[in-house]
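With the numbering used here, the residue at position 66 of the sequence shown is 223, and numbering never jumps. Built from N, CA and C at the ideal position, the CB exists for glycine as well. As the structure is a prediction and not an experimental result, all values here were calculated from the model. Please read the structure below before turning to the comments.
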Amino acid sequence: MNLSLITAIKFRKGRRKSGMVSLISIISTLSIAIGIAALIIGLSAMNGFERELHNRVLSVVPHGQLYLDSGNLENWRHVQQELTENKNIVSAVPFVSFTGLIENGSKLGAVEVQGLDPEQEQQISALPNYVLNHKWQEFKADNQQVIIGSGLAKSLAVKEGAWVSLLIPVSASGSTQLKPPKRVRLQVIGILDLSGSLSNNVALLPLVDAQKLLNIGDSVTGIMINVNDVYRANQIIGQAALSLDDTLSFNSWENSFGFMYRDIQMIRQIMYLAMIVVIGVACFNIVSTLVIAVKDKQRDIAILKTLGATNRLIKHIFIWYGVISGLIGSLIGVILGVILSWQLSNIMGGLESLMGHKILNSNIYFIDFLPSEIHFFDVAIVFITAMLLSLIASYYPAKRACKIEPARILNSF
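Okay, here's the thing in structure tokens:
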């Protein structure tokens, strides 16, 4: 083992004249550990939010839609055929969309109704996986069935198998008179649970049933599109729309949910900046520790120099001294951070039970729990950064130790 490393370990283990050295050393080590643990937990939470954005939003909602600004799309089969021939488009399926009210007894809830083809949706989307009790398999046309979101079901006190009324507004073309809404009785065949705001005001009908309710024949509201690169959805769908028909409008998930992804990335960048600041401040406690340690070990340094130790050796001893402090703090922080990140969802669930309310409100956020996903690349970056800052912080006190004059120190004892 390297002589400077052995000596540094001996210096750390040896009896210190000043208890202040031990106290500051412990504080600096704990500061590094807490800072690293907090950063690993924060980055893991950001990774978890990004994962849930992909799993609960981008795998469920279409990446984009093509539609007409006014009226329904009648030649949708031709549009669908053209879209499926585009190498950047994975799937293109028709949909019907309208707003309505769902009534259960005296309770009413506004709802965005989506008419989908149950068989096609099962092949191209993860949406069926979030319908409780595998009820999507029973979701068929011409059976007076509806699937509603869990938030809506909770607010209306509706359970699986219950019957509800769907109220659909009827437009009175060419007349100023108001017409009563169309009322349809439907059985709640399943509950869609996306654990967040997406489940609050959604209802799903088979495509054929939605077309019949609106009396639009074979027409549809538009085409839902999934692309091979979600981060280029706007560009891909925009180019496809222009190549098909100037009258077609489009939107993408970036218009509706892009802010979530941008917020996650922004917070991640802030976390990395905070990492440098927090660990930097913690690591520079090592400077205080080493300055006091150098003063505490003046006699030992003088004896080593008298025995022939070079300035280079003395400098390396105290650099190792600081790096060891950083290493111990970093390892404690990494272990603590990984363990807490691994159990973060359970820990937050326990805190929510203890406090009696949700930290993430499902009416506001797209999920109602705190997710976590450990990326060992992030752990490695945090660990390496802490070690580099520990090394930099050790340099000045180590250089100062080299300037000790053996004769003056030994004569003073």
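When you compare each of the options to residue i by their alpha carbons, which one comes out closest?
i	options	result
valine 384	Leu225, Ile281, Ala558 and Gln271	Ile281
isoleucine 246	Leu284, Leu223, Val270 and Phe252	Leu223
leucine 324	Leu284, Asp350, Leu265 and Ile304	Leu265
asparagine 408	Ala397, Tyr418 and Met417	Ala397
phenylalanine 414	Ser487, Ala190, Val217 and Ile193	Val217
isoleucine 489	Ala450, Tyr418, Ser185 and Ile166	Ser185
alanine 319	Asp525, Ile373, Asp350 and Gly262	Gly262
valine 387	Val214, Ser487, Asn204 and Gln302	Val214
serine 248	Phe206, Gly257 and Gln238	Gln238
threonine 542	Leu430, Val448, Val377 and Thr446	Leu430
valine 451	Glu562, Val250, Leu464 and Ser400	Glu562
lysine 244	Leu187, Ser227, Ile382 and Ala194	Ile382
glycine 257	Leu284, Ala367 and Met428	Ala367
isoleucine 163	Ala202, Val448, Trp477 and Pro251	Trp477
methionine 544	Ile181, Ser182 and Ile189	Ile189
isoleucine 181	Ile496, Cys440, Gly494 and Met512	Cys440
leucine 548	Gly221, Leu484 and Ser376	Leu484
alanine 194	Gln301, Leu405 and Gly486	Gly486
histidine 235	Gly228, Val250 and Leu160	Val250
lysine 560	Ile531, Gly199, Ala459 and Phe255	Ala459
valine 321	Lys336, Ser502 and Gln301	Gln301
proline 363	Leu343, Ala555, Ser354 and Pro554	Leu343
alanine 555	Leu160, Leu200, Gly479 and Leu187	Gly479
valine 341	Trp499, Leu371 and Ala314	Leu371
valine 448	Ser551, Ser312 and Tyr418	Ser551
glutamine 271	Val539, Ala390 and Ile380	Ile380
glutamine 392	Leu200, Ile183, Ile524 and His220	His220
With DSSP as the reference, please indicate the residues paired to residue i in a beta bridge.
i	result
valine 345	Val303
tyrosine 363	Residue 363 is actually proline in this sequence, not tyrosine. Leu273, per the DSSP bridge assignment.
leucine 405	Leu225
leucine 230	Val377
glycine 479	According to DSSP, glycine 479 bridges with nothing at all.
isoleucine 281	Answer is none; isoleucine 281 lacks a bridge partner.
glycine 266	Ile259
lysine 339	Ile325
isoleucine 382	Gly221 and Ala249
Just to confirm the assignment, what range does the alpha helix (DSSP H) spanning residue i have?
i	result
phenylalanine 252	It is not in any alpha helix (DSSP H) - phenylalanine 252 instead sits in the beta strand (DSSP E) that spans 246 to 261.
aspartate 457	455 to 463
tryptophan 410	410 to 440
asparagine 503	501 to 512
phenylalanine 296	Here phenylalanine 296 belongs to no alpha helix (DSSP H), and DSSP marks it neither H nor E.
lysine 560	That residue, lysine 560, is in no alpha helix (DSSP H); it is neither H nor E in DSSP.
threonine 164	160 to 170
Quick check on residue i: buried or exposed, where buried means 16 or more other Cβ atoms within 10 Å of its Cβ?
i	result
glutamine 294	exposed
threonine 467	exposed
tryptophan 410	buried
phenylalanine 534	exposed
valine 288	buried
lysine 462	buried
glutamine 455	buried
glycine 507	exposed
valine 327	exposed
lysine 167	exposed
lysine 472	buried
serine 400	exposed
threonine 446	buried
asparagine 290	exposed
glutamate 209	buried
methionine 432	buried
leucine 511	exposed
glutamate 278	buried
asparagine 503	exposed
alanine 310	buried
serine 406	exposed
threonine 378	buried
isoleucine 198	buried
Specify, as a first and last residue, the run of the beta strand (DSSP E) that residue i falls within.
i	result
tryptophan 320	320 to 325
Assuming residue i and residue j are in contact, meaning their beta carbons sit under 8 Å apart, how far apart are those beta carbons, in whole angstroms?
i	j	result
leucine 196	valine 435	7 Å
lysine 297	proline 275	7 Å
arginine 169	isoleucine 443	Contact flag wrong, Cβ pair sits at about 12 Å.
isoleucine 305	alanine 360	5 Å
methionine 505	phenylalanine 475	About 42 Å separates the two Cβ atoms, so there is no contact after all.
valine 345	valine 303	6 Å
serine 307	isoleucine 348	5 Å
glutamate 269	asparagine 412	About 16 Å; that fails the 8 Å criterion.
serine 530	glycine 205	Just to set this straight, residue 530 is glutamate in the shown sequence, not serine. Yes, glutamate 530 and glycine 205 are in contact; Cβ-Cβ is about 5 Å, under 8 Å.
leucine 355	serine 161	Not quite, the Cβ-Cβ distance comes to about 59 Å (not below 8 Å), so this is no contact.
serine 116	leucine 230	Outside the displayed range of the chain (158 to 570) lies residue 116, so it cannot be described from this structure.
Is residue i near the ligand NAP, in the sense that its beta carbon is under 7 Å from a heavy atom of that ligand?
i	result
alanine 558	Of the ligands one can find in the structure shown there are none, so the ligand NAP has no counterpart to examine.
Quick one: does residue i have its CB under 8 Å from some CB of chain D?
i	result
glycine 306	The structure shown contains no chain D; it holds only a single protein chain.
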